[in-house]
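Student:
In full-length UniProt numbering, the protein residues as written are 1 to 137.
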């Protein structure tokens, strides 16, 4: 008997299946830091400091951790620029490049629609707080 995510001995991609590697791929690329790093690298290859400046709010620890994870999974390549002191540059791999258009579209959607999301959140919060909290100000 085959598992639910196998058919004729082949893996059937299904992000809803907790055991499927497609789920792991989705988890890898769905974090905000992964999305922002991959989008920044789609603009141009960058060194660590340039990524820190480009991506507001990311810590050095989180940047390093996320870059290592993206490199391990084949989305980012680390290139030693062979200088003293050591300088490395990060760039998208071919696999990372194949993902970049989708992530850029997601970024642009967020930039276009954040006012509507902010307004919906404010309406929701105001409705939950009710008239008592609104009159305190």
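Even for Gly, the Cβ is constructed at its ideal location relative to N, Cα and C.
The structure displayed is predicted, hence computed values, not measured ones.
In or out: residue 86 buried (at least 16 other Cβ within 10 Å) or exposed?
Tutor: Exposed, because fewer than 16 other Cβ atoms sit within 10 Å of the Cβ of residue 86.
Student: Give me whichever residues DSSP pairs with residue 87 in a beta bridge.
Tutor: Residue 87 pairs with nothing; no bridge assigned.
Student: Mapping the DSSP letters down to three states, classify residue 19 as helix, strand or coil.
Tutor: Looking at residue 19 - three-state DSSP - the assignment turns out to be coil, as it is neither helix nor strand.
Student: Do you know how far the Cα of residue 92 is from the Cα of residue 126?
Tutor: The straight-line gap from Cα to Cα measures roughly 43 Å.
Student: Beta-carbon within less than 8 Å of residue 97's beta-carbon, same chain only, minus the 5 sequence neighbours each way: which residues are those?
Tutor: Counting only Cβ-Cβ distances below 8 Å, and skipping sequence neighbours, we find 42.
Student: Return the CA-CA distance between residue 33 and residue 60, expressed in angstroms with no decimal places.
Tutor: Approximately 12 Å between the Cα atoms of the pair.
Student: Taking DSSP's pairing of strands, which residues face residue 43 in a bridge?
Tutor: Residue 43 pairs with nothing; no bridge assigned.
Student: Expressed to the nearest angstrom, what Euclidean distance is found between the alpha-carbon atoms of residue 140 and residue 18?
Tutor: There is simply no residue 140 to check, as the chain begins at 1 and stops at 137 in what is shown.
Student: If we count the other Cβ atoms within 10 Å of its Cβ and call it buried at 16 or more, is residue 63 buried or exposed?
Tutor: The residue in question, residue 63, is buried, as its Cβ has 16 or more Cβ neighbours within 10 Å.
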